[in-house]
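Residue numbers (the working numbering): -13 to 340.
See structure below.
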């Protein structure tokens, strides 16, 4: 036998009873007519009633499991630039948090010398030792070559023919002169190195003796940061409510429902495998796509929290509550919804946007 929702007239009457006259007057007062709560009629105000259902469970927050933990991450500048970092100026209520359990923290970023290049950003060429130059092979590092014209003497000679008179005897006499090629030095600058005795190292050309360090992209630095756990604060009562309805109002109604949960009647689900279309439809007497989506969302989050084994642990029962949505339009044209959560045996009224 399926459960029954309260009558819509009773839901409207409870809404009127629990809402202050001042708030009601802003929505229902008619100009020129004295405002009285008793003048507000469900028949005039409620334009439509929609049946649905919500799922609800609570999880317990264990502060000892929320101790600060972190994972150190190694990175280069490119990775830092692509990472979104966070900083928290105050603790976070787990109820308000929908992100990951750990995040990259801005204040944890630090730089360290690259191990591969020892902080230099480069590695010296083994062949030239980082100078970019090697001993010239042609001159063997001397910078000079022997002048081929004078064979290194710096001098050349010619023979002059001399005739002795009156004997008419001919003779040749040597005459030395400075070599015009080497200007008397016997040496010429090496044509390969230009006299510098060095030539460009072929192994590291054109890097001038240094090889770019790929590990740090030439910066000489690597970076470290920490993925730290969120600084959660333990919520009052150590329980976190989870309501599955419309995302924009789940949080507000979930917290309100958590405070009155003992007075709201519904169906208790004590095993996840009970949560299926057949069971829910039998309990409510109706079923639709919205109810299916909420059921799956509740089931998936419950499983996820169980699997994580973190500071937040879900607790049975999972509540299935019939819901009535009263679509209200006042004489002044103001529109809002009144939500009834629970059965005729015990329910409460919520008006999230009133």
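Ideal Cβ placement from N, Cα and C applies to all residues, glycine included.
| Query | Result |
| --- | --- |
| Could you please give me the residues that DSSP links to residue 243 through a beta bridge? | Paired residue(s): none; residue 243 is not in a bridge. |
| Could you give the C-beta distance for residue 28 and residue -6, rounded to a whole number, given that I count them as a contact under 8 Å? | 7 Å |
| On the DSSP bridge list, what partners appear for residue 98? | 208 |
| Assuming contact is defined by CB atoms lying nearer than 8 Å, are residue 263 and residue 278 in contact in what I supplied? | yes |
| Looking at C-beta atoms only, is the number of pairs between the stretch 136 to 143 and the stretch 167 to 174 that lie closer than 8 Å three or more? | yes |
| If you measure from the beta carbon of residue 314 to each beta carbon in chain B, is any gap under 8 Å? | This model lacks chain B altogether, as it is built from one protein chain only. |
| Locate the alpha helix (DSSP H) running through residue 84, then write down its first and last residues. | Taken as a continuous stretch (DSSP letters only), residue 84 belongs to no alpha helix (DSSP H), as it is neither H nor E. |
| Under the rule that 16 or more other beta-carbon atoms within 10 Å means buried, what is residue 218, buried or exposed? | buried |
| Between the stretch 36 to 45 and the stretch 304 to 311, do three or more beta carbon pairs fall short of 8 Å? | yes |
| Could you say which of 34, 2, 33 and 36 lies nearest to residue 25 if we only look at CA atoms? | 2 |
| Assuming contact is defined by CB atoms lying nearer than 8 Å, are residue 288 and residue 297 in contact in what I supplied? | no |
| Taking all protein chains shown into account, decide if residue 56 is buried (16 or more other Cβ within 10 angstroms of its Cβ) or exposed. | exposed |
| Going by DSSP, what residues sit across from residue 347 in a beta bridge? | No statement about residue 347 is possible, as the shown extent of the chain runs from -13 to 340 and does not include it. |
| Extract the residue ranges of the beta strand (DSSP E) inside the stretch 154 to 190, only unbroken runs of 3 or more that lie entirely within it. | 155 to 164, 173 to 175 and 184 to 186 |
| Tell me, please, which residues DSSP counts as bridged to residue 44. | 227 and 301 |
| How many angstroms separate the CA atom of residue 47 from the CA atom of residue 338? | 26 Å |
| If you drop the 5 nearest sequence neighbours on each side, which residues of the same chain put their C-beta closer than 6 Å to that of residue 159? | 146 and 148 |
| For residue 213, collect the residues of the same chain with a Cβ closer than 7 Å to its Cβ; drop the 5 residues on either side in sequence, then sort them by chain order. | 56, 57, 59, 88, 89 and 90 |
| Of the choices 331, 34, 124 and 110, whose alpha-carbon is the least far from that of residue 248? | 331 |
| Would you check if the distance between the CB atom of residue 102 and the CB atom of residue 206 is smaller than 8 Å? | no |
| When we look at the beta-carbon of residue 71 and count the other beta-carbons within 10 Å, is it buried (16 or more) or exposed? | exposed |
| Evaluate residue 302 with the Cβ neighbour count: other Cβ atoms within 10 Å of its Cβ, from every protein chain shown; 16 or more gives buried, anything less gives exposed. | exposed |
| Could you tell me the alpha carbon to alpha carbon distance between residue 78 and residue 118, rounded to whole angstroms? | 57 Å |
| Return the residue from the list 97, 13, 20 and 75 that minimises the CA-CA distance to residue 209. | 97 |
| Could you have a look at residue 120 and say whether DSSP puts it in helix, strand or coil? | strand |
| In terms of residue numbering, what span does the beta strand (DSSP E) encompassing residue 322 cover? | 321 to 329 |
| Pick helix, strand or coil for residue 306, following the three-state DSSP scheme. | strand |
| Report the option in 13, 129, 318 and 253 whose CA atom is closest to the CA atom of residue -12. | 253 |
| Residue -8: buried (16+ other C-beta within 10 angstroms of its C-beta) or exposed? | buried |
| Can you tell which of 215, 311 and 236 has its C-alpha closest to the C-alpha of residue 73? | 215 |
| By how many angstroms is the C-alpha of residue -4 removed from the C-alpha of residue 246? | 18 Å |
| Do residue 335 and residue 31 have their C-beta atoms within less than 8 Å of each other? | no |
| Tell me which residue opens and which closes the alpha helix (DSSP H) that residue 29 is part of. | 28 to 31 |
| For residue 33, which residues of its own chain have a beta-carbon under 8 Å away from its beta-carbon, when the five flanking residues on both sides are left out? | 313, 314 and 315 |
| Would you check if the distance between the CB atom of residue 61 and the CB atom of residue 128 is smaller than 8 Å? | no |
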